[in-house]
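Read the structure below first, then the notes.
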Amino acid sequence: MSDTTYATVSDVATELGKQITEDSVEARQITRWINRTVNLIRLHIPVLDSWCEDEQYRLVVNDVIVNTVARKARNPEGMYSQTISADDASVTKTMSTSAGTLGEIVITDTDWDLLLKRVSGGISSIDPILNPEEPVYPRYPLYS
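To convert, note that position 103 of the sequence shown is 197 in this note's numbering; the numbers rise steadily by one, no gaps.
This is the structure we're talking about:
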């Protein structure tokens, strides 16, 4: 695994619109989430480092990591509903129990499409595989 940094705590802090000091517990937590996100991406894209030699693709990777970690920072427990009643002081929280959403790092399908360089198309955009023995890597440009 490479020691390449694709996103920083400062990137996430900017996305969240807040100051996060580098030696804080929050910074360590965000660093951990960044590392988990990169590890998840590497599981699906083992050639991440070579693809990131393209600066445009590297910026896409940064955006996906920062957005994923910022989403986690805004909602670390994975809640999708919360009711607070001031009169009787009751609080109701509803959390998703779906696998992979209960406070976990989740990369959206749209972000996976960007990372895997998939271009959405209709049924007429079928590309035949010419040699099934060789892996098929997406073509550039990233966006068309």
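For each residue, glycine too, the CB sits at the ideal point set by N, CA and C.
Exercise. Is the region 144-154 touching the region 109-117, taking contact as three or more C-beta pairs under 8 Å?
Worked result: Under the three-pair Cβ rule at 8 Å, the region 144-154 does not count as touching the region 109-117.
Problem set entry | Three-way DSSP call (helix, strand, coil) for V119 in this model | The residue given as residue 119 occupies position 25 in the sequence shown. Correct three-state label for V119: helix.
Problem set entry | Rounded straight-line distance, which links the Cα of R136 to that of T204 | Against the sequence shown, residue 204 aligns to sequence position 110. Against the sequence shown, residue 136 aligns to sequence position 42. The C-alpha of R136 is placed about 17 Å away from the C-alpha of T204.
For this session: Would you mind reading off the limits of the alpha helix (DSSP H) that contains I159?
Result: Walking along the sequence shown from the start, residue 159 turns up at place 65. E149 to R168 is the extent of the alpha helix (DSSP H) around I159.
For this session: Pick out whichever of N169, T162, W206 and I201 has its Cα sitting closest to the Cα of V106.
Result: Along the sequence shown, one-based indexing puts residue 106 at 12. Residue T162 is the option with its Cα nearest to V106.
For this session: Identify, in the order they occur along the chain, each residue of the same chain with its Cβ nearer than 8 Å to the Cβ of S103, setting aside the five sequence neighbours on each side.
Result: As a first step, residue 103 must be located in the sequence shown, where it is residue number 9. In the sequence as presented, Ser is not what sits at residue 103; that position holds Val. Closer than 8 Å at the Cβ level, and outside the excluded window around V103, lie I114, E116, A121, I124, T125 and I128.
For this session: Would you kindly report the start and end of the unbroken alpha helix (DSSP H) that includes T204?
Result: Stepping through the sequence shown from its first residue, residue 204 is reached at position 110. Going by DSSP, T204 is part of the alpha helix (DSSP H) stretching over D203 to L209.
Problem set entry | Sequence-distant residues of its chain with Cβ nearer than 6 Å to A101 (five each side left out) | The residue you call residue 101 lines up with position 7 of the sequence shown. Cβ within range, chain order: I128, N156, I159 and V160.
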